[in-house]
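Visitor:
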Amino acid sequence: MIKASAKLKLKRQLANFVWEFTFEMNESCKLCFEAGQYIAIIVDPKTRRQYSIVSSPLTSEGEFILTIDVKPNGVSTNLLMTLNIGDEISFIGPIGNFVLPKTLSTNLFFVATGTGIAPLRSMIETLIFNKSNLKHNIHLHFGTRNINDLFYTDLFDGYFKDGSIKEYVKYLSRESSPETKDGYVTQFIPGLSGEIISDSQFFVCGGTEMVKSTEDMLLEKGVLVSNIFHEKFY
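In the UniProt record's numbering, the protein residues as written are 1 to 234.
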């Protein structure tokens, strides 16, 4: 873990309240992290805010990407939204134990809502870039409230179409669309067979209630607690 600074290289809006920020490290410093870890932005001497790194460590030499829900309108959110290209942030990192285990099961299920997709994208792309997806089946289940809240759709659609990931399912809890399933992201769990569960690991990230309900449903299906990895965002 280091204390460092980075300059804003690019920012773009992904969805209604979701923005992506690309930061470039100073030449004298590199951020060595594992997929799934986060940094803590130093807002002021008494305030820090944690954000997962969305980019893969295999493609992030010299820079990193954060995907942030700006809806909370908090102190750090306001700071980020007022940054101009070239402005600096200070942060501490990398931090966190929500990372890919050394031993992976055949089936890897990634379950996210909202910006909880951030650390999971880092994990998924790391598996793709190091060719681990050739030995493991990657399943992505991603939920939001409305169609305009979805993001990274083209990216994951591309990975699904070229066979990099086995499954990509989108869910909307408050709207219907022909390209998505209605309801909560957890609805795939009851249909999992014992054979699948016996050789699967689950990576879950999102709101506290979603993470808890997903974990409870998986445990009820007989998934071992050691095969469930999670991070709570809000």
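We treat Cβ as the ideally placed atom computed from N, Cα and C, and that holds for glycine. For clarity, every value in this text was computed on a predicted model and none was experimentally measured.
#1: Counting C-beta neighbours from all protein chains within 10 Å, is the total for Arg49 16 or more, i.e. buried, or is it exposed?
#2: Starting from the Cα of Gly86, find the closest Cα among Phe33, Val43, Lys9 and Val204 and give me that residue.
#3: Just checking, does the stretch 31 to 42 make contact with the stretch 99 to 109 on the three C-beta pairs under 8 Å criterion?
#4: Applying the criterion that 16 or more other CB atoms from any shown protein chain within 10 Å of the CB defines a buried residue, is Asn107 buried or exposed?
#5: Look at the Cβ atom of Asn227, then the Cβ atom of Ser200, and state whether they are nearer than 8 Å.
#6: Report the three-state DSSP secondary structure of Leu108 (helix, strand or coil).
#7: Assign Glu125 to buried or exposed, taking buried as 16 or more other Cβ atoms, counted over all protein chains shown, within 10 Å of its Cβ.
#8: I need the DSSP call for Lys232, collapsed to helix, strand or coil.
#9: By Cβ distance below 6 Å, which residues in the same chain neighbour Leu104 in space, the five residues on each side in sequence not counted?
#10: Between Ile39 and chain C, is any beta-carbon pair separated by less than 8 Å?
#11: What would DSSP say about Leu58, mapped onto helix, strand or coil?
#12: What residue from Lys170, Phe91 and Arg174 has the CA that sits closest to Tyr51's CA?
#13: Give the C-beta separation of Ile89 and Ile53 to the nearest angstrom, bearing in mind that I take them to be a contact with Cβ-Cβ under 8 Å.
#14: Under three-state DSSP, which class holds Lys212?
#15: Please state if the CB of Ile138 and the CB of Lys166 are separated by a distance shorter than 8 Å.
#16: Starting from Val43, follow the beta strand (DSSP E) in both directions and report where the run begins and ends.
#17: For Ala4, which of Gly62, Tyr171, Thr67 and Ser56 has the nearest alpha-carbon?
#18: Going by DSSP in three states, Glu125 sits in which element: helix, strand or coil?
Guide: Answer, in terms of the structure:
#1: Here Arg49 is buried: its Cβ has 16 or more other Cβ atoms, across all protein chains shown, within 10 Å.
#2: Per the C-alpha coordinates, the member of Phe33, Val43, Lys9 and Val204 positioned closest to Gly86 is Lys9.
#3: Verdict: yes, contact present.
#4: Buried, because 16 or more other Cβ atoms sit within 10 Å of the Cβ of Asn107.
#5: Going by C-beta atoms, Asn227 is nearer than 8 Å to Ser200.
#6: In the structure shown, the three-state DSSP call for Leu108 is strand.
#7: With 16 or more other Cβ atoms from the protein chains shown falling within 10 Å of its own Cβ, Glu125 counts as buried.
#8: Lys232: strand per DSSP, three-state reduction.
#9: Excluding positions up to five away in sequence, the list reads His136.
#10: Annotation note: the requested chain C is absent from the structure, which comprises a single protein chain.
#11: Three-state result, Leu58: coil.
#12: Restricting attention to Lys170, Phe91 and Arg174, the CA atom closest to the CA of Tyr51 is found in Phe91.
#13: No, Ile89 and Ile53 are not in contact; Cβ-Cβ is about 13 Å, not under 8 Å.
#14: Look at Lys212 here: in three-state DSSP terms it is helix.
#15: Closer than 8 Å, so yes.
#16: Note, Val43: beta strand (DSSP E), Tyr38 to Asp44.
#17: The shortest C-alpha separation from Ala4 is found at Gly62.
#18: Note: Glu125 maps to helix in three-state DSSP.
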